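Engineer: Numbering-wise (our numbering), the sequence shown opens with residue 2 and increments by one. Quick one: structure below, then a few questions.
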Amino acid sequence: MSETPYRELGISGSGAIATGLAAVASARAGRIRILARSEPSAQRAMLAVEKTCSRIEGADPSRVSAGTAAEDLATCDLIIEAIVEDFDTKAGLLAAIGDIAPASDLATTTSSLSVTELGKACGHPERLFGLHVFNPVPVLNLVELCLPPEAGAAIAERAEAWCACLGKTAVRVPDTPGFVVNRLLFPYLFDAVRFMEECGMAAADVDTCMSLGAAHPMGPLALLDLIGLDVAVAIGQALNAESGKADHLAPAAMLSLVEAGNLGRKTGRGFFNYT
């Protein structure tokens, strides 16, 4: 692997994407700082990093720290936003951390929002690029790299070099809602839910058909549970806002599960029971 362009990394967020990135990067970066919303979130993040690092060759959890003070990110070379998929929340955070660390590159892990518009809204368009990694981060090697013209060639070069250092395959994608994977994937996932509703099939049977019949490693309903049903609903709303297509919106069965707090694996229940 080539030399990393980012020796000190900041990650704002404490969920699966944030902790997965921290664990993977710990094999290459000198220091990684996780910014969490609360001390309990910071503690849970460190436990997740330690667990994930144990499965990655060369990963070192001692290089990772977690806290709640945004000022701790001031010396980072790259700060990655990895929080809830909400435009205003992301833009506000990117504005704040951009001001705290004026010399750092900024990245967003958005899977459905416009990177260009986020850059404008946060006030740092010349520093922001899209870094859409996939969950679980240590396992899935694709990175959809969105590089708006405002970011410039130097940031693009560093972003691509860093992905290579992590052992990831970076593909430049257009700044369109859902990029490539989600733009093509979510209509299929939502259609699987509608099909299950219409035909009355069990979720396990639908997934078995797609896993065995189409050689998919995971059925569509189990995949939605892994993604998080609330995240999937948000992605669908972003796709629909741009396309106007009704099939880009999550079906009623998913909305009912989300309203009940059944968001998939992270809550123990979604289309399947994980408790």
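Note that the Cβ used here is the ideal one computed from N, Cα and C, for glycine as well. These figures come from a predicted structure and were not determined experimentally.
#1: Let me make sure I understand the geometry here. Which of Glu260, Leu227, Pro149 has the alpha-carbon closest to that of Lys267?
#2: Near Ala171, which residues of its chain fall below 6 Å by C-beta distance, leaving aside the five closest residues on each side in sequence?
#3: Given this structure, state the Cα-to-Cα distance separating Asn274 from Gly153, to the nearest angstrom.
#4: Just tell me which of Leu10, Arg29, Gly14, Ile12 has its CA closest to the CA of Lys169.
#5: Kindly indicate the opening and closing residues of the alpha helix (DSSP H) around Arg38.
#6: For the alpha helix (DSSP H) that Gly237 lies in, which residues bound it at each end?
#7: Should Met219 be labelled buried (16 or more other beta-carbon atoms within 10 Å of its own) or exposed?
#8: Determine whether the beta carbon atoms of Ile98 and Glu118 lie at a separation below 9 Å.
#9: Val194: which of Ala253, Thr111, Asp78, Gly262 sits nearest, CA to CA?
#10: Does DSSP put Leu108 in a helix, in a strand, or in coil?
#11: Does the distance from the C-beta atom of Arg38 to that of Asp73 stay below 9 Å?
#12: According to DSSP, is Ala67 helix, strand or coil?
Structural biologist: Here's the rundown:
#1: Your numbering for residue 267 matches position 266 in the sequence shown. The shortest C-alpha separation from Lys267 is found at Leu227.
#2: As a position in the sequence shown, residue 171 is number 170, starting the count at 1. Result list for Ala171: Val144, Leu146, Glu161, Cys164, in chain order.
#3: Residue mapping note: residue 274 aligns to position 273 of the sequence shown, counting from 1. Residue mapping note: residue 153 aligns to position 152 of the sequence shown, counting from 1. In a straight line, the C-alpha of Asn274 is about 46 Å away from that of Gly153.
#4: Taking the first residue of the sequence shown as 1, we reach residue 169 at position 168. With respect to the C-alpha of Lys169, the residue from Leu10, Arg29, Gly14, Ile12 having the closest C-alpha is Arg29.
#5: The residue given as residue 38 occupies position 37 in the sequence shown. Membership of Arg38 in any alpha helix (DSSP H) is not indicated, and neither H nor E is assigned to it by DSSP.
#6: Residue numbering aside, residue 237 sits at position 236 when the sequence shown is read from its first letter. In the DSSP assignment, Gly237 falls within the alpha helix (DSSP H) that extends over 230-244.
#7: Sequence index remark: in the sequence shown, residue 219 carries index 218 (1-based). Classification for Met219: exposed.
#8: Within the sequence shown, the letter at position 97 stands for residue 98. Within the sequence shown, the letter at position 117 stands for residue 118. Not in contact: Ile98 and Glu118 (Cβ atoms no closer than 9 Å).
#9: Taking the sequence shown and counting its residues from 1, the one referred to as residue 194 is at position 193. The shortest Cα separation from Val194 among Ala253, Thr111, Asp78, Gly262 belongs to Ala253.
#10: Residue mapping note: residue 108 aligns to position 107 of the sequence shown, counting from 1. Note on identity: in this sequence residue 108 is Ala, with Leu being the wrong assignment. Note: Ala108 maps to strand in three-state DSSP.
#11: Within the sequence shown, residue 38 is the residue found at index 37, counting from 1. Within the sequence shown, residue 73 is the residue found at index 72, counting from 1. Contact: no.
#12: Here residue 67 refers to the residue found at position 66 of the sequence shown. In this structure, Ala67 counts as strand in the three-state DSSP scheme.
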